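Which chain is which? The protein sequence lines are A and B, in order. Numbered by the working numbering, the letters in the first sequence go through residues -12 to 220 in order. Numbered by the working numbering, the letters in the second sequence go through residues 1418 to 1635 in order. By construction, the Cβ of each residue, glycine as well, lies at the ideal position given by its N, Cα and C atoms. Since the structure is predicted, the reported quantities are computational estimates derived from the model, not experimental observations. In what follows, a structure is listed as structure tokens, so that the remarks can point back to it.
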Amino acid sequence: MNKVVANAEEAVKDIQDGTVLMLGGFGLCGIPENCIAALVKKGVKDLTCISNNAGVDDFGIGLMLQKKQVRKMISSYVGENAEFERQLLSGELEVELIPQGTLATRCLAAGYGMPAIFTPAGAGTEVAFGKEIRNFGGKEFLLEYAFEAEFAIVKAWKGDTDGNLIYKETARNFNPLMAMAGKTTIAEVEQLVPAGELDPDCIHTPGIYVKRIFQGVNYEKRIEQRTVRKKNQ
Amino acid sequence: MALTKEQIAERIARELKDGYYVNLGIGIPTLVANYIPPGIKVILQSENGLLGIGPFPEEGNEDPDLINAGKQTITTLPGSAFFDSAMSFGMIRAGKVDLTVLGAMEVSETGDIANWKIPGKMVKGMGGAMDLVAAAKNIIVAMMHTNPKGESKLLPQCSLPLTGVRCIKKIVSDIAVLDVTDNGFKLLERAPGISIEEIKSKTAGKLIVEGEIPEMRF
């Protein structure tokens, strides 16, 4: 068993035009920076991307949008990316905006082998349009399907050669769910260690979910809103 | 005088109880964190996977892996915990969050809320708002009573795309505190110096005014 690949270019080698991809991250926090750069360099296009946000104009998925590599985005919030909003309003980009909890739980369902879930989010709104609705205990729930994604690209803090992953702080967000849900999961990590170094009690994503793992490099970890308090406040 | 955004937040903070787990939306609701009454412990939930949001970091200590739902850098507190996005919305949907505070563009007299889309102009997305309003048992809306054109935002029916239906029970605006009842908006309090007449004229939806309406005190 060898899950380790050399770098992002190797990791995304077999991602073709037209693929459905999951990308972890919340805003710019916990995004797979190396793989995004490799996808931009590879020039693969016509992609459907499932990711909570669309990055900013010149970072994260925004880089792929700039190169017009994305045909469709499935996200919950795209407010930070003006190019995205422009492509959306002009019709160049197909967008499905879905509630954040629904996005997360549809990934979870896929990872847990459940074809569908029921959620109250969006009942009575345009999100419910065309969907099966069921009443449980006097309340309306929408039937939402598990996502099917050829690839899930996740970012973790530490990983081992068996594919076990540990995330850091709020960089965790969607990564564990997408790691479980993707048909092939690619993990980029800040620290890649030999199997045996990570405490089994502390593993967030067991290696069974991860097909390929590599040591990432040169993380920019851009901050979207640098907010501070004065000393002694 | 109409309330400032800070005062709206301060008035809402008076509804906090010791031991509450609270989700604060972006905008005016985040300011509620600055007015938690002394002597009580309130734990703030960040939808991106944190319980126990601490203050902003001191300059030079910003951690890019530690942000809130508004993508701002934050810190943690003793007792904080990290978790993933499915657990985050799981705890929201399962009713573990005691209070949700969010903003609104429009609220209807039956408790519908619109706060995520202006068709053709602003389509940033709903984020976690639909989950929060669909499942939260206790929701307070922080909003301006009228829009910049002076039109009422408390309406018989929302004209903008809805975030949720029949879910809002309480509103704190810059001029009033109101409940949403089976018979429409019920006026509970008015901002200092604001008359009932002014509130009536700025509320397009059905407004119930019964008895003395006290002024909010600051």
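Candidates the options, of which the one nearest residue i by Cα
| i | options | result |
| --- | --- | --- |
| LYS208 (chain A) | B:LEU1571, B:ILE1470 and B:THR1490 | B:THR1490 |
| THR35 (chain A) | A:PHE161, A:GLY12, A:GLU83 and A:ALA182 | A:GLU83 |
| ASN1465 (chain B) | B:ILE1429, B:ALA1521 and B:ASN1440 | B:ASN1440 |
| ASP188 (chain A) | A:ALA133, A:VAL43, A:ILE153 and A:ALA97 | A:ILE153 |
| GLU1523 (chain B) | B:ARG1583, B:ASN1555 and B:ASP1515 | B:ARG1583 |
| ALA1546 (chain B) | B:CYS1575, B:SER1569, B:LYS1538 and B:ILE1509 | B:ILE1509 |
| LYS0 (chain A) | A:LEU26, A:VAL(-9), A:ASN(-11) and A:LEU75 | A:LEU26 |
| LYS2 (chain A) | A:GLY150, A:ARG213, A:PHE138 and A:ASP149 | In the sequence under discussion, the amino acid at residue 2 (chain A) is Ile, which differs from the Lys named in the question. Looking at the Cα atoms, A:PHE138 is the closest of the given residues. |
| PRO1495 (chain B) | B:PHE1473, B:LEU1468 and B:ASP1480 | B:LEU1468 |
| LEU1571 (chain B) | B:ALA1551, B:LEU1595, B:ALA1553 and B:ALA1552 | B:LEU1595 |
| ALA166 (chain A) | B:LEU1519, B:ILE1630, B:ILE1585 and B:SER1502 | B:SER1502 |
| ALA136 (chain A) | A:LEU164, A:VAL204 and A:ALA115 | A:LEU164 |
| GLN212 (chain A) | B:SER1505, B:VAL1540 and B:LEU1483 | B:LEU1483 |
| LYS59 (chain A) | A:GLY66, A:GLU67 and A:ALA41 | A:ALA41 |
| THR92 (chain A) | A:GLY5, A:ASN(-11), A:LEU185 and A:ALA168 | A:ALA168 |
Nonlocal neighbours in the same chain, by C-beta distance under 8 Å from residue i, ignoring five residues either side
| i | result |
| --- | --- |
| PHE123 (chain A) | PHE105 |
| LYS1623 (chain B) | GLU1526, PRO1573, ASN1600, GLY1601 and PHE1602 |
| GLY1487 (chain B) | ILE1443 and THR1447 |
| LYS1617 (chain B) | LEU1624 and VAL1626 |
| ALA24 (chain A) | ALA(-5) and LEU50 |
| PHE46 (chain A) | LEU15, GLU207 and ARG209 |
Neighbourhood of residue i by C-beta distance below 7 Å, restricted to the same chain and skipping five residues each side
| i | result |
| --- | --- |
| LEU130 (chain A) | ALA103, PHE105, LYS118, GLU119 and ARG121 |
| ASN162 (chain A) | GLY11, GLY17, VAL141, LYS142, ALA143 and TYR154 |
| ASP1435 (chain B) | ILE1457 and LYS1458 |
| MET101 (chain A) | ALA133 |
| SER63 (chain A) | ASN39, LEU84, ILE85, PRO86, GLN87 and LEU90 |
Beta-carbon proximity list for residue i, same chain, < 6 Å, skipping 5 on both sides
| i | result |
| --- | --- |
| ILE173 (chain A) | ALA(-2), ILE140 and ARG199 |
| PHE13 (chain A) | ASN39 and ASN160 |
| PHE1500 (chain B) | GLY1466 |
| LYS1619 (chain B) | HIS1562, THR1563 and SER1569 |
| ASP1529 (chain B) | CYS1575, LEU1579 and VAL1582 |
| VAL75 (chain A) | The sequence shown places Leu at residue 75 (chain A), not Val. Cβ within range, chain order: VAL82. |
| LEU1516 (chain B) | TYR1437, VAL1439 and ASN1555 |
| ILE1460 (chain B) | TYR1438, LEU1468 and GLY1469 |
| ILE1535 (chain B) | none |
| GLY194 (chain A) | ASP149, GLY150 and ASN151 |
| GLN202 (chain A) | LEU179 |
Coarse secondary structure for residue i, derived from DSSP in three states
| i | result |
| --- | --- |
| LEU164 (chain A) | helix |
| SER1497 (chain B) | strand |
| MET51 (chain A) | helix |
| GLN74 (chain A) | helix |
| ALA24 (chain A) | helix |
| GLN56 (chain A) | coil |
| GLY1507 (chain B) | helix |
| VAL1379 (chain B) | Missing from the structure shown is residue 1379 (chain B); chain B here goes from 1418 to 1635 and no further. |
| ARG93 (chain A) | helix |
| LEU179 (chain A) | strand |
| PHE157 (chain A) | According to the sequence as given, residue 157 (chain A) is Thr; it is not Phe. Looking at THR157 (chain A) - three-state DSSP - the assignment turns out to be helix. |
| LEU1420 (chain B) | coil |
| THR172 (chain A) | strand |
| ILE200 (chain A) | strand |
| LYS1587 (chain B) | strand |
| LEU15 (chain A) | coil |
| GLY1456 (chain B) | coil |
| SER1502 (chain B) | helix |
| ASP1482 (chain B) | coil |
| ALA103 (chain A) | strand |
| LEU185 (chain A) | coil |
| GLY1469 (chain B) | strand |
| ALA139 (chain A) | strand |
| GLU1427 (chain B) | helix |
| SER1525 (chain B) | strand |
| ILE120 (chain A) | strand |
| LYS126 (chain A) | strand |
| VAL1540 (chain B) | coil |
Strand pairing of residue i, partner residues [DSSP]
| i | result |
| --- | --- |
| LEU84 (chain A) | A:SER62 |
| GLN212 (chain A) | B:GLN1489 |
| PHE1602 (chain B) | B:VAL1597 and B:LEU1624 |
| CYS36 (chain A) | A:LEU8 and A:MET60 |
| GLY1581 (chain B) | B:ILE1530 |
| SER1576 (chain B) | For SER1576 (chain B), which the question treats as bridged, DSSP gives no partner whatsoever. |
| GLY146 (chain A) | A:LEU152 and A:LEU179 |
| GLN1462 (chain B) | B:ASN1440 and B:LEU1468 |
| VAL1518 (chain B) | B:LEU1441 and B:ILE1557 |
To be precise: take each residue of the segment 131 to 164 of chain A, compare its Cβ to all Cβ atoms of chain E, and keep it if any distance is under 7 Å. Which residues remain?
Of the chains in the structure shown, none is chain E; the protein chains are A and B.
Per the contact definition of three or more C-beta pairs closer than 8 Å, is the segment 1554 to 1568 of chain B in contact with the segment 71 to 83 of chain A?
no
If you pair each beta-carbon of the segment 1478 to 1493 of chain B with each one of the segment 152 to 170 of chain A, do three or more pairs fall below 8 Å?
yes
Specify whether the segment 1603 to 1613 of chain B and the segment 1579 to 1594 of chain B touch according to this definition: at least 3 beta carbon pairs, one from each stretch, less than 8 Å apart.
yes
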